[in-house]
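Worksheet: one structure, shown below.
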Amino acid sequence: MTEASAQVALPDVEATEALGAALAHEVQRGDIIFLRGELGSGKTSLAKGFLRRFFGNPSLDVPSPSYLLHFSYCDAACSSGANPPPAEATVVAFSAGARSLVPGCPAHHVDPYRLPVGKIAALLDFEKIFSEVALVEWPDRLGDQLCTSTTPARLEVFFEGFGPQGEGRVVSLSAVGERWQRAVDRRDLGLGGGGPVLSCKEGGRVDIRKDQGLRQETASAPAGADGVRAGATAQ
Ligand SMILES: Nc1ncnc2c1ncn2[C@@H]1O[C@H](COP(=O)(O)OP(=O)(O)OP(=O)(O)O)[C@@H](O)[C@H]1O
Ligand SMILES: [Mg+2]
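Residue 226 in the numbering used here sits at position 226 of the sequence shown, and the numbers go up by one each step.
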């Protein structure tokens, strides 16, 4: 089941992208991240930060897939033929970067917002998409065939309570399945790979600022005190 976990404050769009970049260091082949939140809450911005860092390409074009449904990104290894992009995909870039953080593994960005619930299951090859790296906006549109409360295993990023007057965003991170659950339960998501490490203590809120990297706002231990990466502990 999905359980509430750490909250992360994102004061500006750069912080949203920074969270996406941090998550890029945590993924492995087969990982799925659901991006929930109302229209314009920041889901694509997070995906942009994720994909740019994942492919080591800070200028990678990351448009919203809400019209074309699915963009598939590859590094040089997967676009060279060993693992070509799926035929039905609208491929943004055959070579998004020379070598991704999971070399040879495509990353998919899916947004079924404009479709009736369940329709996208018949349009895309989710067996393949979910076996690589997948970012899914509006996952409630996937339908029961693709998504239940227990499957697929995934990290969920939920943009909370954002309105027209809202400044910044707050997201909560939660997990479905063991892959991410242990890290979330321990409030110890090591976000950042080679960059800043973030430790989410119970009740603590983490503040991400573009000029300061990641810092804790209310948690007791200093950011990085645990020095543990979720990618190394939450397999
Ligand atoms: N933390 C933030 N603080 C303030 N503005 C933000 C933040 N994160 C993203 N934004 C802004 O919110 C707007 C919408 O962002 P984005 O397109 O990523 O939303 P979305 O959730 O993908 O929308 P949709 O539901 O239409 O797909 C953009 O102008 C972006 O710059
Ligand atoms: Mg979007």
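Backbone N, C-alpha and C define an ideal beta-carbon position, used for all residues, glycine too.
Please state whether DSSP places residue i in a helix, a strand or coil.
i: glutamate 137; result: strand
i: alanine 9; result: strand
i: alanine 21; result: helix
i: glutamate 167; result: coil
i: glutamine 181; result: helix
i: phenylalanine 312; result: Nothing can be reported for residue 312: it is not among the residues displayed for the chain, which extend from 1 to 235.
i: aspartate 211; result: Unreliable placement is indicated for aspartate 211, whose pLDDT of 38 sits below 50; the coordinate value is still reported in the next sentence. The answer is coil: DSSP assigns aspartate 211 none of H, G, I, E or B.
i: alanine 148; result: First, the residue type needs correcting, since residue 148 is threonine and not alanine in the sequence shown. If DSSP states are grouped into helix, strand and coil, threonine 148 belongs with coil.
i: glycine 193; result: At glycine 193 the pLDDT is 37, less than 50, meaning the model places this residue with poor confidence and gives no usable figure here.
i: phenylalanine 54; result: helix
i: glutamate 26; result: coil
i: glutamate 14; result: helix
Under the criterion of a Cβ to heavy atom distance below 7 Å, does residue i qualify as lining ligand 1?
i: valine 133; result: no
i: glycine 104; result: no
i: aspartate 12; result: yes
i: phenylalanine 15; result: Note on residue identity: the sequence assigns alanine, not phenylalanine, to residue 15. Yes; taking the cut-off as 7 Å, the Cβ of alanine 15 has a heavy atom of ligand 1 nearer than that.
i: leucine 237; result: Only positions 1 to 235 of the chain appear in the structure, and residue 237 is not among them; the question remains open.
i: glycine 37; result: yes
i: glycine 161; result: no
i: glycine 30; result: no
i: arginine 169; result: yes
i: glycine 49; result: no
i: glycine 20; result: no
i: glycine 118; result: no
i: glycine 97; result: no
i: glycine 56; result: no
i: glycine 40; result: yes
CB of residue i to nearest heavy atom of ligand 2: below 7 Å?
i: serine 64; result: yes
i: lysine 43; result: yes
i: proline 111; result: Position check: residue 111 holds aspartate in this sequence, whereas proline was assumed. Yes - ligand 2 has a heavy atom lying nearer than 7 Å to the Cβ of aspartate 111.
i: glutamate 137; result: yes
Name the DSSP bridge partner or partners of residue i?
i: isoleucine 33; result: Leu135, Leu155
i: glutamate 109; result: The sequence shown places histidine at residue 109, rather than the glutamate named in the question. Answer is Phe71, Leu135, bridged to histidine 109.
i: leucine 173; result: Val157
i: glycine 49; result: None, per the DSSP bridge assignment.
i: glycine 97; result: Asp75
Kindly indicate if chain B contains any beta-carbon less than 8 Å away from that of residue i.
i: phenylalanine 130; result: No chain B appears in the structure shown, which is made up of a single protein chain.
Quick check: the stretch 46 to 54 against the stretch 7 to 21, are there 3 or more CB pairs under 8 Å? yes
Is the stretch 19 to 33 touching the stretch 154 to 169, taking contact as three or more C-beta pairs under 8 Å? yes
Taking contact to mean 3 or more Cβ pairs, one atom from each stretch, closer than 8 Å, check whether the stretch 170 to 177 and the stretch 66 to 75 are in contact. no
So does the stretch 19 to 27 actually touch the stretch 113 to 124, counting three or more Cβ pairs closer than 8 Å? no
Are at least three pairs of beta-carbons, each pair with one atom in the stretch 139 to 154 and one in the stretch 96 to 107, less than 8 Å apart? no
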